[in-house]
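Data first, discussion second: the structure below is written as structure tokens.
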Amino acid sequence: MLHFLPTTYSSKRLYKLVHAVLTYMGVSTLALAQNPLAPAGKFNAFLATNATLVTNESEGAIALGGNLTVAGNYQVAIKGNATAFTVNGYPIGLVVGGGVILQSGRLQVNSNTYAKIGLCNGSPTTDALKVWYQDGNGLYYDVPPNGAYSTIRITKSTARYDDTPVIQINKNATPSTETTTPICQGNVIDFSSAFATLTKNSARLAQNAERIKLMNGNGQPIASTNLPNQVKIGLYAGTNVWNVTGTDLNRIQNLTYVDSPSADKVLVINVDAAGSYTWNTPSLGGVGGSNAPYILWNFYNTTQLTIGGNSSIEGSLLAPLAAITKGPVQANNQANIEGQVVAQSFAQSGGELHDFPFNADLTQALPVRLTSLTGDAFDKTVQLSWETAWESNSDYFAIERSTDAREFATVGQVQARGESGSRQRYSFVDDQPLWPTGYYRLRIVDKDGSVEYSRILAVSMDHPDPALRLVMNPVTDQRIQVQLHNIPASDLQLINSQGQFVPVELTAVSQDIISLKPLQHLAGGIYFLRYQQGTTIRSLRLLVR
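Per UniProt numbering, the sequence shown starts with residue 1, numbered consecutively.
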């Protein structure tokens, strides 16, 4: 949610036009999480479901929401700074949301980090585990045990201390380790929420217009379709976007960076490869690990991604819908990935993951949703107008109003276009505005239920009615709030459409706002709030839903 200090505009005379304008850029999901991979933290691999690790290693930490299969000799968190994620102050190098299948080999967790496993008791598809904080302790052993605290080992529940397959935490336990940082602990990461955001971020990145300089091997400009086997990339300052199909990407055998990606020249590659796709990675030139944090490969619609070819990948992979396979099982890629892997699942049996997390703020370069919001106070009403430059998956705009810029209530709703790449204009008239000042904001609701908020807009106006104004109409929560001006609250009467008085309880909300709580349930329909001013009887019509 975005929070801004409101700016107040006031009118000096009744019916004077007041124009309040806040124009701004960047209200979108990615404006809230400026790095599109932010939900993945600094994990070298961040997976929604399962992982199969055969060989070789990950320099950074790994987190997965499903089950881990250990099927070879693999090392996690071998780099000394792989400690970005902590639980209760303890660095975690491996997070397994589900259970573990110990097939073969030894998985080592390094750099004085610990592991978290959600399901240690086993299931029909995972092993029941035993966590050893001491070396055998006289139970099962091949070497003379002394029960000393040692490196933590995780074996099958029926195995001995020094058996394999095993997960080995290369950090000596202490007498308090089992209670202060237990291995068997679930729900340390909300993977479902994280991947809902990552999936949306991926889809929205794919909506970006292309902004890239592509050249053939001779340095001549070319289009991004029907690519030759040698391609050179030139970059603009800011964020660069390359939209390429999977077919065209596989035509490239040699990819050379004329300009190196950096914090000032970020590159996003949106790869349109729906369904299953085997990527034959091209040979690279002019780029290395120092550039990797500023390159993002976005496979936004791929569901099965097999990494082939013989070349390394510079940059992070964002494939939130995809099961990624890397290694000799499928395509024999033994090269490294220099960046994060964010995917549904990951099977690695070749190469290494190098710890170069994506590190770019894409807010200013992305298409924006809301580009302006204006408010006009005129003739007892406030008209709100707003524009969008881009929409994707939008459902509706809820117009919210407040007396204090803190507590908001919905006063209207406008249907959104849903999908649009061009400017769209909207408006809403509040015919029961607050005085002297009302605060407005838009709650932007997507079809998936996610919500964004606009800035707060304050509009002030002279009092058009000397006595009474409804705070909200229609009424949806059996509570009626009114603003009073120079009349006592005791003069108010609530009457139904049959002319019958409805008893109410009066409560002061603020100096001039009164809450009327009906002492009986109000059926939906028309009601009247009546008061007498001198010899004149006045009434306001209200709708109860």
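Glycine included, C-beta positions come from ideal geometry on N, C-alpha and C.
In the DSSP assignment, the beta strand (DSSP E) including L384 goes from what residue to what residue?
Membership of L384 in the beta strand (DSSP E) is indicated by the continuous run T381 to T388.
The beta strand (DSSP E) with R443 in it runs from where to where?
Counting along the chain, the beta strand (DSSP E) containing R443 begins and ends at T437 to D446.
First and last residue of the uninterrupted alpha helix (DSSP H) at L249
Element bounds for L249: G246 to R251.
With C-beta atoms as the reference, is R469 less than 8 Å away from W435?
Taking 8 Å as the cut-off, the beta carbon of R469 is found closer than this to the beta carbon of W435.
Residue environment, P165, which counts as buried when at least 16 other CB atoms sit within 10 Å
Under this definition P165 is a buried residue.
Nearest-angstrom Cα separation, counted from G438 out to V382
Counting only the Cα atoms, G438 lies some 9 Å from V382.
On the DSSP bridge list, what partners appear for P518?
For P518, DSSP records a beta bridge to V504.
C-alpha distance - I252 paired with V459, whole-angstrom precision
Their backbone Cα atoms lie some 57 Å apart in a straight line.
Using the C-alpha atoms, what's the distance from G288 back to T371?
So the two alpha carbons sit approximately 37 Å from each other.
Three-pair Cβ contact test at 8 Å for the region 341–358 versus the region 48–67
Because the criterion of three Cβ pairs below 8 Å is met, the region 341–358 and the region 48–67 touch.
Does the region 280–298 come into contact with the region 335–353, if we say contact requires no fewer than three beta-carbon pairs (one atom in each stretch) closer than 8 Å?
In this structure the region 280–298 touches the region 335–353; the number of beta carbon pairs closer than 8 Å is three or more.
What's the C-alpha gap between L305 and A323?
For L305 and A323, the distance between alpha carbons rounds to 6 Å.
Run of the alpha helix (DSSP H) containing K200, from where it starts to where it stops:
Here the alpha helix (DSSP H) through K200 covers F191 to L205.
What are the partner residues of I101, as DSSP defines its beta bridges?
DSSP lists T69 as the beta-bridge partner residues of I101.
Three or more beta-carbon pairs under 8 Å between the region 67–77 and the region 386–401, yes or no?
Contact between the region 67–77 and the region 386–401 is absent, because fewer than three Cβ pairs lie under 8 Å.
Kindly indicate which three-state DSSP category A365 falls into: helix, strand or coil?
Legend: pLDDT at A365 = 36, less than 50; position of this residue unreliable, no value from coordinates given.
For the 8 Å Cβ check, are there 3 or more pairs between the region 419–432 and the region 481–494?
Here the region 419–432 does not lie against the region 481–494, with fewer than 3 beta-carbon pairs under 8 Å apart.
Spatial neighbours of V445 in its chain, beta-carbon cut-off 7 Å, leaving aside the 5 residues before and after:
Cβ contact annotation for V445 (same chain, cutoff 7 Å, sequence separation greater than five): D395, Y396, A398 and V451, in chain order.
Selection from A274, L492 and G122 that minimises the alpha carbon distance to T247
Comparing alpha-carbon positions, the option among A274, L492 and G122 lying closest to T247 turns out to be A274.
Using a Cβ distance threshold of 8 Å, determine whether the region 314–322 contacts the region 292–301, with at least three qualifying pairs required.
Of all C-beta pairs linking the region 314–322 to the region 292–301, three or more are shorter than 8 Å, placing the two stretches in contact.
DSSP three-state call for E338: helix, strand or coil?
Strand, per DSSP.
CA-to-CA distance, I154 to L119, given in whole angstroms:
Cα atoms of L119 and I154: separation of roughly 12 Å, rounded to the nearest angstrom.
State buried or exposed for P367, treating a residue as buried only when at least 16 other CB atoms are found within 10 Å of its CB.
Unreliable positioning characterises P367 in this predicted model, as indicated by a pLDDT of 36, which lies under 50. The coordinate reading is nonetheless provided below. Answer is buried; the Cβ neighbour count reaches 16.
Should L519 go down as buried or exposed, given a rule of 16 or more other Cβ atoms within 10 Å for buried?
Burial state of L519 is exposed, judged by a 10 Å Cβ sphere holding fewer than 16 other Cβ atoms.
Anticipated Cβ contact below 8 Å, Y257 with G285, distance rounded
That pair is a contact at about 7 Å.
Determine the direct distance from the alpha carbon of T199 to that of D234, and round the result to whole angstroms.
Note that residue 234 is Gly in the sequence shown, not Asp. The straight-line gap from Cα to Cα measures roughly 28 Å.
Rounded to whole angstroms, what is the Cα-Cα separation between I514 and S193?
CA-CA distance, I514 to S193, rounds to 40 Å.
For D272, which three-state DSSP category applies?
Three-state DSSP puts D272 in a strand.
Let's test the definition: count the other Cβ atoms within 10 Å of the Cβ of R541 and tell me whether it reaches 16, buried, or not, exposed.
Burial check for R541: the Cβ neighbour count within 10 Å stays below 16, so the residue is exposed.
Rounded straight-line distance, which links the Cα of V96 to that of N50:
If you take the alpha carbons of N50 and V96, they lie about 9 Å apart.
Just mark N270 as buried or exposed, buried being the case when its beta carbon has 16 or more other beta carbons within 10 Å.
N270 is buried by the Cβ-count criterion.
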